[in-house]
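Let me begin by presenting the structure, written as structure tokens, before commenting on it.
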Amino acid sequence: MPQLAGSFGKELAKYRVLMDGWPIAKNNANVKHGDRTGAFKTRLKCMQINLQHSSLATANLLKIIEEDTDVICIQEPYNIGCKIGGLPHSRTVFTSGEGKKRAAIVVNDKHIYAILISQLYDEDATIIEAIVGSATLVIASMYFDLKRSIDQD
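All you need for the numbering used here is the position in the sequence shown, starting with 1, plus 74.
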């Protein structure tokens with residue numbers, strides 16, 4: 075696995091150590107988890123996009139994803155104040171930090187159980203743990219500012 079530079083890489087390494095030995099959650103068809111129906115998923119369709127803070131790009135994204143895309147990792151989402159704008163409440167949107175968001179993750183499928191990993195986030199990095207079928211995944215959406223040294227992060 076490639077090494078990540080800076081303190082974020084060290085934090086992620088600590089998290090991997092903490093996760094070592096965690097049991098992988100099983101998804102049984104008879105078990106209900108809130109909005110999840112317990113259905114098995116065998117494939118996960120993901121998309122990554124930089125919206126450049128554009129409301130028009132966000133509107134076009136909604137037309138593209140419909141019901142076909144499960145998880146969308148977004149960099150530079152459209153912001154209204156310090157909140158993400160343009161995404162309907164029918165989608166689960168994960169963001170982090172107090173200021174303007176530069177990274178977000180949208181879960182577009184109610185059969186995917188996901189939680190925000192609160193130990194590893196800021197406005198530029200959003201990380202979730204998702205349970206898809208019998209697999210547990212860590213999904214990250216990160217924005218790296220070209221003007222900022224990677225050693226600062």
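Beta carbons are placed, not taken as given, at the ideal position from N, Cα and C, and that holds for glycine.
Give a yes or no on whether the C-beta atoms belonging to Val123 and Leu135 are separated by under 8 angstroms. One-based indexing of the sequence shown puts residue 123 at position 49. One-based indexing of the sequence shown puts residue 135 at position 61. According to the sequence shown, residue 123 is Ile rather than Val. Contact flag set, yes.
Can you name, in chain order, every residue of its own chain whose Cβ lies under 6 angstroms from the Cβ of Cys147, other than the five neighbours on each side? Along the sequence shown, read from residue 1 onward, the residue named residue 147 stands at position 73. Once the five neighbours on either side are set aside, the close Cβ partners of Cys147 are Gln122, Ile179, Ser215.
With 16 as the cutoff for other CB atoms within 10 Å, does Pro162 come out buried or exposed? Translated into the one-based positions of the sequence shown, residue 162 becomes position 88. Per the 10 Å Cβ criterion, exposed.
Starting from Leu118, follow the alpha helix (DSSP H) in both directions and report where the run begins and ends. Indexing the sequence shown from 1 puts residue 118 at position 44. Unbroken run through Leu118: none, as it is neither H nor E.
For Asp243, the three-state DSSP class (helix, strand or coil): One cannot answer for residue 243 here, as it falls past the ends of the chain, which runs 75 to 227.
Considering only C-alpha positions, which residue in the set Cys156, Tyr187, Arg165 is nearest to Lys175? If you number the sequence shown from 1, residue 175 lands on position 101. For Lys175, the nearest C-alpha among the options comes from Cys156.
Closest by C-alpha distance to Val206, when choosing among Asn153, Tyr187, Glu140, Thr166: In the sequence shown, the residue the question calls residue 206 occupies position 132. Comparing Cα positions, the closest option is Tyr187.
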